[in-house]
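So in our numbering, spot 1 of the sequence shown is number 1, and the numbers just go up one at a time.
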Amino acid sequence: MVLFTLCVKCNLEEIKILQPSSDFTWTIKVKCSGCGEESPNWHTVDAQSSYEGKGGKGKFNFIYKCKFCSRENSLDIVGSSIKKINSDECMDFKPLVTFDCRGLVPVDFTPGKGWIAEAAESGRQFKDIDLSEKEWVDYDERSQQSVGIYEFESKIVHSK
C-alpha cells in the first residue's frame, strides 16, 4: 500500500469552509509506477464506484491498465481522509484527500465541479461550485457581500 495525499491551498473571500461534496468526482492524471509511462488523459475517480481487480485481488475505486506495459494498476480513496478547507488555514497547503495506490502514481489534479462552500457571515451554503477555472465568485444576499474562491492550487505528495 502506497499512500498519496492531495493537498490544496486557495484564497477564500467571505467563505468559512470549502469542501468536496459527498459524491465528488476526483479528476486526476496518473503515471504507471512499473514503466513510468504517464497517461495524457484525465481520469475520474469517485468513492461510490467499485471495480473488481484482475484475478479477484479485491475491489477498487479506480483501475487503470497501462497502455505501454499492460500492467493493471489500482487506486482507492481513503474515505476517512477527506477533509474540509477552513478559511483560517487555506493559504497554506493542507491535506484534502488521500489515495491508496497500487502500481500507479497520481501526478495532477483538476478541481472541476461538485464543491460546497459555506459563507463566513451568513452560513449560507453554496452547492455544486465549479472550480474548473480555479476560481469562483458569487454574491451572498443574506450578508450582502461578494464571496469567492481564488488562486486554487494543488499538489500531490507521497505520504507513506
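C-beta atoms are modelled at their ideal positions from N, C-alpha and C, and glycine is treated no differently. These numbers were taken from a predicted model, which means no experiment stands behind them.
| query | result |
| --- | --- |
| Span of the beta strand (DSSP E) holding Ile15? | 15-20 |
| What does Asp140 pair with, by DSSP beta-bridge criteria? | Gln145 |
| Going by Cα to Cα distance, which pick from Lys67, Asp140, Phe99, Ser87 is closest to Val78? | Phe99 |
| How is Glu89 classed by DSSP in three states: helix, strand or coil? | helix |
| Got a sec? Which residues, its chain only, sit under 7 Å from Asp128 by beta carbon, not counting five neighbours each side? | Lys113, Gly114 |
| For Thr44, tell me which candidate among Lys9, Val137, Tyr64 has the shortest Cα-Cα distance. | Tyr64 |
| Under 8 Å, do Phe4 and Val137 count as touching if we go by C-beta distance? | no |
| If the criterion is Cβ atoms closer than 8 Å, does the pair Ser33 and Leu104 meet it? | yes |
| Are the stretch 49-56 and the stretch 84-98 in contact at 8 Å, needing three or more beta carbon pairs? | no |
| Among Asn86, Phe109, Cys35, which one has its Cα closest to the Cα of Ile149? | Asn86 |
| Please report the residue range of the beta strand (DSSP E) in which Thr25 lies. | That residue, Thr25, is in no beta strand (DSSP E); it is neither H nor E in DSSP. |
| Could you check whether Ala119 and Glu37 sit closer than 8 Å to each other, using their CB atoms as the reference points? | no |
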